[in-house]
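The opening residue of the sequence shown carries number 34 in the numbering used here; numbering runs sequentially from there. C-beta: ideal position from N, C-alpha, C; glycine also. Some notes on the structure that comes next.
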Amino acid sequence: MMPRADARTPHHRNSILTKKLRTQGAELARRMIELGWLSKAGEL
C-alpha cells in the first residue's frame, strides 16, 4: 500500500518538485561518474 502523501499535496507542485529533483539527481550522477572515472584513472 502506498502512502497518500500525494493526495494532500497539489499535483502541479509535486511535479515541479520531482522535476527539480530529477535534474539535480542527473547532475549529481554525472559528477559522481566523472569523479569515479577520475579516481579510477588515478588508481591506474
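Note down the Cα distance separating residue i from residue j, rounded to an integer number of angstroms.
i   : j   : result
G75 : G69 : 10 Å
R64 : T56 : 12 Å
K53 : E67 : 21 Å
S72 : A62 : 15 Å
L50 : E60 : 15 Å
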